[in-house]
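**Student:**
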Amino acid sequence: MQFVADENIDEPIIQALRKLHLEVISISESMPGSSDSDVLVFANKRNAFVITSDKDFGELIFRQRKILKGVILLRLHGLLIDEKVRIVEEFFIKHNNSFKDNNLFIVISENSVRIRKSIF
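Residue numbers for the sequence shown follow this note's numbering, so the first one is 423 and each next one is one higher.
Spelled out as structure tokens, the structure:
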């Protein structure tokens, strides 16, 4: 399973996911300055989930139906990076079987996780 981390995802989160042996492609490393649409095309070609903190991805996936695998939206603004890393790690450890499905929209916030299946 591949994950594409949008440019707005903190490097410590990417590194933590890689330490969990997840294949994470960083847009900051591979395609800096890419538009949201380009990020989705890149992810779709790899059948990968997009990890982002950009709510604009909701517009692209719900109205324009531009995602195949899914989006993981991090709503962790205002938290210290160590706390963000802990929350994201806990999610990936606890929900690792969730990634078998397609068309998922997952929202991770400080106190909750919402997994919406079948976006379309």
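All C-beta atoms in this analysis are idealised placements derived from N, C-alpha and C, irrespective of residue type, glycine included.
Give me the residue from Val463, Ile537, Val510, Val493 with the minimum Cα distance to lysine 477.
**Tutor:** Checked all of Val463, Ile537, Val510, Val493; the closest Cα to lysine 477 is Val493.
**Student:** In the DSSP assignment, what residue or residues form a beta bridge with valine 493?
**Tutor:** Note: valine 493 sits in a beta bridge opposite Val472, Phe527.
**Student:** Give the single residue among Ile509, Lys506, Lys539, Pro434 whose Cα lies nearest to the Cα of serine 520.
**Tutor:** Comparing Cα-Cα distances from serine 520 to each of Ile509, Lys506, Lys539, Pro434, the minimum goes to Lys539.
**Student:** Could you tell me which of Ala438, Asp432, His443, Leu442 sits nearest to isoleucine 449, measuring between CA atoms?
**Tutor:** Minimum Cα distance to isoleucine 449 is reached at Asp432.
**Student:** Once DSSP output is grouped into helix, strand and coil, what is the label at serine 520?
**Tutor:** Helix, per DSSP.
**Student:** Got a sec? Which residues, its chain only, sit under 8 Å from glutamate 511 by beta carbon, not counting five neighbours each side?
**Tutor:** So the qualifying residues of the chain are Ala438, Leu439, Leu442.
**Student:** Check whether the Cβ atoms of phenylalanine 479 and leucine 495 sit closer than 8 Å, and answer yes or no.
**Tutor:** Yes, Cβ-Cβ distance for phenylalanine 479 and leucine 495 is below 8 Å.
**Student:** Confirm, please, whether the CB-CB distance from valine 461 to isoleucine 447 is below 8 Å.
**Tutor:** No; because the gap between Cβ atoms is not below 8 Å, this pair is not in contact.
**Student:** Can you tell me where the alpha helix (DSSP H) with serine 450 in it begins and where it stops?
**Tutor:** Its alpha helix (DSSP H) spans residues 449 to 452.
**Student:** Report buried or exposed for serine 467, applying the criterion of at least 16 other Cβ atoms within 10 angstroms of its Cβ.
**Tutor:** Correcting the residue type first, residue 467 is lysine in the shown sequence and not serine. Exposed, by the Cβ-count rule.
**Student:** Is the distance from the Cβ of proline 454 to the Cβ of valine 507 below 8 Å?
**Tutor:** Result no, Cβ atoms of proline 454 and valine 507 do not sit closer than 8 Å.
**Student:** Skipping 5 residues on each side, what residues in its chain have a beta carbon closer than 8 Å to that of histidine 499?
**Tutor:** Once the five neighbours on either side are set aside, the close Cβ partners of histidine 499 are Ser475.
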